[in-house]
DNA sequence: ATTTATTAATTAACACGTTAACAATATGTT
DNA sequence: AACATATTGTTAACGTGTTAATTAATAAAT
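Residue numbers (the working numbering), protein chains in the order written: chain A, 1367 to 1522; chain B, 1367 to 1522.
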């Protein structure tokens, strides 16, 4: 006999946690997952992950960059980046070599096979993004980007 | 001799991927990481992860719920939830039992030790959130939540 | 009632996120 | 030069995200 259980009493409202529905962390998570849900199947067809796409895209944008700079630009933590670099190099999408001037640094560069991925994925990615923008509203995307940036840099 | 490498030429702008800085997925990621960066150290002190916190918080809000409902409310995929439930049960923060009416379902309920975590963490969490809200602006948080919700539900 | 299809949860396999510890190289100090 | 310190990248260990396959139980269909 499993009677329906009422929510546990917690006492005064001040002790109650935030309603899950109106919490910033979950709202950001939901929004991000919704957006990535549009991109992921396409990236999967090209057999790359979202993070791998960010890395080769930044290499295409910026030329040769070292691992630290890549970690900053792609918002990927160093240990993750190490694995991603290894995978991309094994697949021949990027090349990697030590910096001659600073033996600690690892310089990354996109390889021809990586350029082909860029050429294949970019138009599809752009199309998905454009459709998203059109549905949400181009100006509102700009407003949202500004608000998100401000949130991300609150502590600076 | 490693000359600085210019960005790779990609041709017409239509083929260029989005600038990393103004892309919705990365902006959402950055904002989320910035926000969670405020909460994570506190949660770590209480030895729970963000996801574990979401689960016990929802159990405190909603009483007894099955795994599917939890997955929906906490935005956690079923395989992750299975692991999180196992961990929380082993630590005695929740209890788990099969639904008598539907043998497939697993019913979750918060345990006394879980209630103590809620009581300990909730005030700190609320304080962090309130400070965040105050710095960003309370009305702007509401606007942002609305915009994020709309983005998350674009395809409905 | 037996078969078929659907659903809930788990498991498996792989990739990434997170923190801490570590190795290798650079830099600074004496 | 020798030492201490700082920085770059890697490894380790654990937890989560993601997709696909699997198991167990229910529901639907003859």
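C-beta: ideal position from N, C-alpha, C; glycine also.
Kindly indicate which three-state DSSP category residue i falls into: helix, strand or coil?
i, result
"residue 1459(B)", "coil"
"residue 1386(A)", "helix"
"residue 1480(B)", "helix"
"residue 1413(B)", "coil"
"residue 1424(B)", "helix"
"residue 1403(A)", "helix"
"residue 1520(B)", "coil"
"residue 1443(A)", "coil"
From the DSSP output, read off the bridge partner residues of residue i.
i, result
"residue 1464(A)", "1472(A)"
"residue 1432(A)", "1473(A)"
Check the C-beta distance from residue i over to residue j and give it rounded, since I have them as a contact under 8 Å.
i, j, result
"residue 1394(A)", "residue 1397(B)", "6 Å"
"residue 1477(A)", "residue 1458(A)", "6 Å"
Give me the Cα-Cα distance between residue i and residue j, rounded to the nearest whole angstrom.
i, j, result
"residue 1418(A)", "residue 1450(A)", "7 Å"
"residue 1440(A)", "residue 1453(B)", "32 Å"
"residue 1514(A)", "residue 1481(B)", "34 Å"
"residue 1431(B)", "residue 1474(B)", "5 Å"
"residue 1492(B)", "residue 1442(B)", "22 Å"
"residue 1424(B)", "residue 1438(B)", "11 Å"
"residue 1479(B)", "residue 1405(B)", "21 Å"
"residue 1413(A)", "residue 1498(A)", "22 Å"
"residue 1526(A)", "residue 1420(B)", "Outside the modelled stretch of chain A, which goes from 1367 to 1522, sits residue 1526(A), for which no answer is possible."
"residue 1411(A)", "residue 1390(B)", "21 Å"
"residue 1487(A)", "residue 1409(A)", "7 Å"
"residue 1469(B)", "residue 1435(B)", "16 Å"
"residue 1483(A)", "residue 1490(A)", "11 Å"
"residue 1494(B)", "residue 1495(A)", "34 Å"
So, are the CB atoms of residue i and residue j less than 9 Å apart?
i, j, result
"residue 1455(B)", "residue 1464(B)", "no"
"residue 1433(B)", "residue 1444(B)", "yes"
"residue 1501(B)", "residue 1520(A)", "yes"
"residue 1517(B)", "residue 1518(A)", "no"
"residue 1511(B)", "residue 1510(A)", "no"
"residue 1392(B)", "residue 1422(B)", "no"
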